[in-house]
Amino acid sequence: MCSKTISDCVEALIGAYYVSGGLIAALHMMKWLGIDAELDPSLVAEAINRASLQPYVPNDEIQIIESKIGYKFSMKFFLQEALTHASANEFYCYQRLEFLGDSVLDLLITRYLYCNHTYIDSGELTDLRSASVSNETFAQVAVRNDLHKHLRHCSTLLLDQISEYAQSFPESWDTTRSVPGIKGPKLKLPPLRELNELCDSFGYFIREKCVNTGETVHAKLWLQLDDILLVGEAFNRSKKVAKGKAALYLLKELEDRGISRKRTKQGHARSSGTTDDDLLGPKMCKKQRIAEIPSPTNDSSRTAYGAEIPSQANDSSRTAYVIARINTNKGRPRATLYEICRKQLWPRPTFETTEERSRSPMEIDKGADRKIGFNSFVTKITLNVPSSGIIECTGDVRADKKSSCDSAAILMLYRLNELGKLIIRES
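Under full-length UniProt numbering, the residue at position 176 of the sequence shown is numbered 176, and the numbers go up by one with no gaps.
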């Protein structure tokens with residue numbers, strides 16, 4: 001944590017020099033820090049000279065592209081190289097220029113977002129940049145401007161994939177529309193990522209399963225809310241696209257229930273009773289991949305597009321989660337409980353901590369854990385087990401907030417054991 005804070009400070013210093021003095025100032029700062037980063041103009045001139053010596057066969061294709069983008073290349077070989085796929089079997093391809101262009105795009109869009117969205121925090125700026133420079137964003141731009149038709153390659157498979165992708169857009173698509181993801185407050189994340197972040201903020205877990213069925217992939221996503229199990233399904237040749245379509249179904253269902261990113265930003269998300277991120281345990285919802293899983297059962301289950309799926313009166317048939325014993329080290333009881341919730345698709349538990357302050361020293365806990373202090377903490381934990389109801393436990397008094405949350409988590413684990421939802425093997 002300390003090293004990351006220091007490195008973040010160094011990056012901020014370089015950013016300050018870049019904002020105030022441009023690229024040259026930032027390079028001087030990096031050099032002062034001992035980072036070997038030189039900007040030698042002779043290297044640029046040398047690269048241009050090498051490009052001018054490369055063989056280039058004039059053709060109408062280059063002129064058409066220059067006309068589309070409104071720029072005349074003095075070194076037309078660069079344009080030819082940028083449009084050549086590795087399958088063309090030339091002595092060059094676009095990969096080196098892609099490496100360079102990727103960094104240039106990152107720099108320019110980062111500066112644009114930083115200068116034009118001054119009231120957005122760094123986390124959302126990162127999301128904006130990711131959406132702006134994503135593969136999907138630039139693929140859409142290329143198709144919208146018919147640039148994909150000029151790619152030089154010798155692969156029938158690649159041709160089929162590009163054609164299928166281009167045909168997935170409506171013919172009436174507005175070709176004058178700006179690049180998606182650059183509007184700041186109107187940030188549009190990829191469906192699966194948006195679903196993951198939404199579930200993470202509301203305390204829900206997702207389970208996924210993808211099965212190859214011939215040439216297509218069947219993607220299925222399960223999302224357990226407090227009172228209903230939602231299931232989204234989709235088919236596509238691409239696993240990524242199939243999961244994205246399934247996520248779209250679930251996002252629509254969540255929006256119909258008043259659960260959306262907008263509501264999260266307004267502060268209506270499920271609360272843990274504390275702002276300390278460490279109390280929330282590991283965030284399991286970012287990317288969860290389980291190869292083979294049984295279909296979850298629940299008394300209120302439906303697919304995201306309305307068709308009923310088989311359900312049972314209760315989830316008593318589900319195998320109880322088994323742990324060897326409860327690890328009482330700091331943070332581990334909460335981590336164990338979160339892992340159980342993730343595996344069982346239970347909504348994430350919430351913690352409500354109450355602090356008591358005293359002007360005189362007080363004895364907290366007993367035995368080896370005995371402490372003397374002026375502050376004590378007690379935490380109440382609430383867990384909603386679908387089809388079984390809400391379970392509440394209040395932990396013991398502890399000298400710090402995290403330990404009080406661990407105490408509550410331990411009691412919840414034993415309570416789940418009593419209810420048959422968990423098996424604890426003490427031996």
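In this text, a Cβ means the ideal position worked out from N, Cα and C, and glycines have one as well.
Would you list the one or two residues that DSSP bridges to residue i?
| i | result |
| --- | --- |
| Trp222 | Arg207 and Val231 |
| Asn236 | Val217 |
| Met362 | Gly373 |
| Glu355 | Phe377 |
| Asn417 | DSSP output for Asn417 lists no bridge partner at all. |
| Ile391 | Leu383 |
| Val322 | Ile423 |
| Thr350 | Thr382 |
| Arg334 | Note: Arg334 sits in no beta bridge, so no partner. |
| Arg152 | Thr84 |
| Arg398 | Phe377 |
Applying the criterion that 16 or more other CB atoms from any shown protein chain within 10 Å of the CB defines a buried residue, is residue i buried or exposed?
| i | result |
| --- | --- |
| Ser24 | Checking the sequence, you will find Ile at residue 24 rather than Ser. Ile24 should be labelled exposed. |
| Glu98 | exposed |
| Ile290 | Because Ile290 carries a pLDDT of 30, less than 50, the predicted location of this residue cannot be relied on, and the following value inherits that uncertainty. The residue in question, Ile290, is exposed, as its Cβ has fewer than 16 Cβ neighbours within 10 Å. |
| Ala247 | buried |
| Pro386 | buried |
| Cys341 | buried |
| Thr328 | exposed |
| Arg111 | exposed |
| residue 505 | Since the first and last residues shown for the chain are 1 and 427, residue 505 lies out of range. |
| Glu164 | exposed |
| Tyr338 | buried |
| Ile65 | buried |
| Gly123 | exposed |
| Tyr71 | exposed |
| Cys9 | exposed |
Tell me whether the beta-carbon of residue i lies closer than 7 Å to the beta-carbon of residue j.
| i | j | result |
| --- | --- | --- |
| Ile109 | Ser132 | yes |
| Leu251 | Leu195 | yes |
| Ile206 | Leu221 | yes |
| Gly245 | Cys210 | Strictly speaking, residue 245 in this sequence is Lys, with Gly absent from that position. Contact: no. |
| Gly395 | Leu411 | yes |
| Phe377 | Thr353 | yes |
| Thr382 | Ser404 | no |
For a test of the three-state rule: what should DSSP assign to residue i, helix, strand or coil?
| i | result |
| --- | --- |
| Ile410 | helix |
| Asn145 | coil |
| Gly258 | coil |
| Asn196 | helix |
| Asn212 | strand |
| Glu308 | With a pLDDT of only 29 at Glu308, under the threshold of 50, the placement of this residue in the model should not be trusted; the figure read from the coordinates follows. Three-state result, Glu308: strand. |
| Thr5 | helix |
| Gly21 | helix |
| Tyr253 | It is worth fixing the name first, because residue 253 is Glu in this sequence and not Tyr. If DSSP states are grouped into helix, strand and coil, Glu253 belongs with the helices. |
| Leu53 | coil |
| Ser160 | Just to set this straight, residue 160 is Asp in the shown sequence, not Ser. Three-state result, Asp160: helix. |
Return no unless some Cβ of chain D is closer than 7 Å to the Cβ of residue i.
| i | result |
| --- | --- |
| Ser360 | Reference to chain D is not applicable here, since this structure consists of a single protein chain. |
Q) In the region 59-139, which residue ranges form an unbroken alpha helix (DSSP H) of at least 4 residues, counting only runs that do not cross its ends? A) With a minimum length of 4 residues, the continuous alpha helix (DSSP H) runs that stay inside the region 59-139 are 60-69, 76-82, 95-116 and 122-132.
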